[in-house]
Amino acid sequence: MVLRDDDQTEAEAEAEAEAEAVQPVDSEGRATALRLLAFSSPHTRAFHLSWLSLAACFFAAFASPPLLPALRPALRILPCHLSAASSASLLSALLSRLLLGPACHLLPSRLVLAAVSLLSALPLPFIAAVAASPADYIALRAVSGVSLAAFVANQDWVAAIFAPRVVGAAAALAAGWANAGAAAAQLVMPRAFELLRGPLGFTTDAAWRLAFVVPAALQVATALAVVFLADDDDVPGNKNKKNNKKELEGSGSFWEVLEDGVGNYRGWVLALTYGYCYGAELIMENIAARYFYEKFGLDMDSAGAAAAFFGAMNVVARPAGGMASDELGRRFGMRGRLWGLWAAQTVAGMLCILLGRMGRWSSSSVAPTVAVMVVFALFVQAASGLTFGIVPFVSKRSMGVISGMTGSGGVVGAMTMQLLFFSGSKYAIETGISSMGAMIVVCTLPIALIRFPESGGMFCGPHSSSSAARDGDY
Numbered sequence: 000m001v002l003r004d005d006d007q008t009e010a011e012a013e014a015e016a017e018a019e020a021v022q023p024v025d026s027e028g029r030a031t032a033l034r035l036l037a038f039s040s041p042h043t044r045a046f047h048l049s050w051l052s053l054a055a056c057f058f059a060a061f062a063s064p065p066l067l068p069a070l071r072p073a074l075r076i077l078p079c080h081l082s083a084a085s086s087a088s089l090l091s092a093l094l095s096r097l098l099l100g101p102a103c104h105l106l107p108s109r110l111v112l113a114a115v116s117l118l119s120a121l122p123l124p125f126i127a128a129v130a131a132s133p134a135d136y137i138a139l140r141a142v143s144g145v146s147l148a149a150f151v152a153n154q155d156w157v158a159a160i161f162a163p164r165v166v167g168a169a170a171a172l173a174a175g176w177a178n179a180g181a182a183a184a185q186l187v188m189p190r191a192f193e194l195l196r197g198p199l200g201f202t203t204d205a206a207w208r209l210a211f212v213v214p215a216a217l218q219v220a221t222a223l224a225v226v227f228l229a230d231d232d233d234v235p236g237n238k239n240k241k242n243n244k245k246e247l248e249g250s251g252s253f254w255e256v257l258e259d260g261v262g263n264y265r266g267w268v269l270a271l272t273y274g275y276c277y278g279a280e281l282i283m284e285n286i287a288a289r290y291f292y293e294k295f296g297l298d299m300d301s302a303g304a305a306a307a308f309f310g311a312m313n314v315v316a317r318p319a320g321g322m323a324s325d326e327l328g329r330r331f332g333m334r335g336r337l338w339g340l341w342a343a344q345t346v347a348g349m350l351c352i353l354l355g356r357m358g359r360w361s362s363s364s365v366a367p368t369v370a371v372m373v374v375f376a377l378f379v380q381a382a383s384g385l386t387f388g389i390v391p392f393v394s395k396r397s398m399g400v401i402s403g404m405t406g407s408g409g410v411v412g413a414m415t416m417q418l419l420f421f422s423g424s425k426y427a428i429e430t431g432i433s434s435m436g437a438m439i440v441v442c443t444l445p446i447a448l449i450r451f452p453e454s455g456g457m458f459c460g461p462h463s464s465s466s467a468a469r470d471g472d473y
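Residue 318 in numbering that gives the first Met the number 0 is what sits at position 319 of the sequence shown, and the numbering runs on without skipping anything.
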């Protein structure tokens, strides 16, 4: 027998019970289990659409570098232009991520995700079509950098779909799988270029320009899928931004939401520490191939293959970090999540120091160096997953702002380390890597400052006062 409310028909109650059997939910309609193959569940469909759309954005963000051999002579690109283009991409990603935090609170996250995909996709092939100078290449990278802001909307959407007990694993899995889009760009873009230039008969100049239709098409297709195949009404836990007037009124205006998020010190601490896990990932993806080429004498193809192991770990390591965060949360509460993040990121920093030192030891061979890099990748990428296992608990009112601050911290950390250790010839590349590792260890220490009223922190328990704010009240 199915129990139902007075205003609920027996058929509606039966349908609700059937849906509960497919996907268990909490009192707010959020999924309490991550069932990846339960496609009849709107939560599962929304999850897959979220990471596929973000993967298309990562593909677009990293579509240009694989085509540089063709782009360089056509646009007269010099090394200084490459540095400027990288900075433009990071800066546009930073500014966009900061803006998307409040936007995700005021609008459904899925629509924000779709809007970012479309706005960054549509100009891409047109800029490529008319590009004629280094400035145009910088503009191309700046526009594609905006697509990296989709990460904020993705994480906010996933946090609205899943209950706290599984949100860390779900968020990390979505981000980890989406990161595969960057690796896919490395494989697909050169092949698209060769296909256009070879069998289809286009000139070299026309082929690389037309190749940018590929990332744009992927972004448009996934954005439209997000708009038309997912609906906030299908996922009760995600309706708050559209239908829950009481919560919106309690949260206040755009500026009040922004002020609440910016005023929460926990968000700033997580932004700092995320800058030295995800920021280190960005640095390694830029320098790993050069490290193996310069220090171990590998040819370009072999150096690239060795460096590819670092990015490939994202598919496994980041989801593992999210799952570890959820398990630690179940066993030890928020204190377990904080200790897990500190431990993983500190170990990552030590491995980064070792990785740099191996480039200075003449007896070091490629195989053990790659092994150290892979283990470093596992820990530093797991730390990213562990970070976003904590983010949803920082502020219920301003979760989008906190997510945007944390995501932006990753970009700021990368820019800081690039400027300090990898710009110019002040440091050898192996010295820069070891220095980055030391910075990771030091900048992970502020995690000890995070304390939640009901949960406590790494070295202290919860507030004893009964009048203390609850974890979800700020």
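A virtual CB, placed ideally from N, CA and C, is assigned to each residue, including glycine.
- Here Phe161 carries a strand assignment [DSSP, helix/strand/coil].
- Remark: C-beta atoms of Phe309 and Ala171 do not approach each other more closely than 8 angstroms.
- Within the DSSP secondary-structure output, Gly456 pairs in a beta bridge with Arg450.
- Runs of alpha helix (DSSP H) with 4 or more residues, each lying fully within the segment 337-419, are found at 365-386, listed in chain order.
- With distances taken between CA atoms, Val145 lies nearest to Leu118 out of Leu118, Asp135, Ala131, Ile126.
- In the assembly as shown, Pro41 is a buried residue. Its beta-carbon has 16 or more other beta-carbons within 10 Å.
- Scanning the segment 60-125 for uninterrupted alpha helix (DSSP H) segments of 4 residues or longer gives 67-74, 78-105, 108-120, listed from N- to C-terminal end.
- By DSSP's assignment, Val24 forms a beta bridge with Ala30.
- With contact defined as three or more Cβ pairs closer than 8 angstroms, the segment 272-280 and the segment 376-385 are in contact.
- Val400 is positioned such that its CB atom lies closer than 8 angstroms to that of Val261.
- The segment 58-73 makes contact with the segment 198-213: 3 or more CB pairs, one atom from each, lie closer than 8 angstroms.
- Between the segment 312-329 and the segment 349-361, the count of C-beta pairs closer than 8 angstroms stays below three; the two stretches do not touch.
- Judged by DSSP in its simplified three-state form, Ser433 adopts helix.
- Rounded to whole angstroms, the gap between the alpha carbons of Leu199 and Ala215 is 20 angstroms.
- Collapsing the DSSP output to three states places Asp230 in coil.
- The three-state reading of DSSP puts Cys442 in helix, counting H, G and I together.
- Sequence-distant partners of Ser132 (beyond 5 residues in either direction) whose C-beta falls short of 8 angstroms from its own C-beta, in its chain, are Leu74, Arg75.
- Taking a 10 Å sphere around the C-beta of Val441, we find fewer than 16 other C-beta atoms and assign the residue as exposed.
- Note on Leu350: 16 or more other CB atoms within 10 angstroms of its CB, so buried under the neighbour-count rule.
- Taking the Cα positions, Leu353 is about 17 angstroms away from Met416.
- When the beta-carbon positions are compared, Ala32 and Val157 stay at least 8 angstroms from each other.
- Counting along the chain, Lys425 sits inside no alpha helix (DSSP H), nor does DSSP assign it H or E at all.
- By the Cβ-count criterion, Pro68 is exposed, with fewer than 16 other Cβ atoms from all chains shown falling within 10 Å of its own Cβ.
- When the five nearest sequence neighbours on each side are left out, the beta carbons in the same chain lying within less than 8 angstroms of the beta carbon of Pro122 are those of Val142, in order along the chain.
- By the C-beta density criterion, Trp254 is exposed, having fewer than 16 other C-beta atoms within 10 angstroms.
- With 16 or more other Cβ atoms from the protein chains shown falling within 10 Å of its own Cβ, Gly339 counts as buried.
- Pairing Met404 with Leu89 gives a Cβ-Cβ distance that is not under 8 angstroms.
- Lys294 counts as buried, since no fewer than 16 other beta carbons sit within 10 angstroms of its beta carbon.
- Note on Gly460: under 16 other CB atoms within 10 angstroms of its CB, so exposed under the neighbour-count rule.
- 8 angstroms or more divides the Cβ of Gly332 from the Cβ of Ile432.
- Between Met188 and Ala222, the beta carbon gap of about 20 angstroms keeps them out of contact (Cβ cut-off 8 angstroms).
- Taking C-beta atoms under 8 angstroms as the contact rule, Gly266 and Val393 qualify, at a distance of about 6 angstroms.
- With respect to Ala173, Leu53 sits close: the two C-beta atoms are nearer than 8 angstroms.
- Annotation for Met322: the continuous alpha helix (DSSP H) segment containing it runs 313-331.
- When the beta-carbon positions are compared, Ile428 and Ile286 come within less than 8 angstroms of each other.
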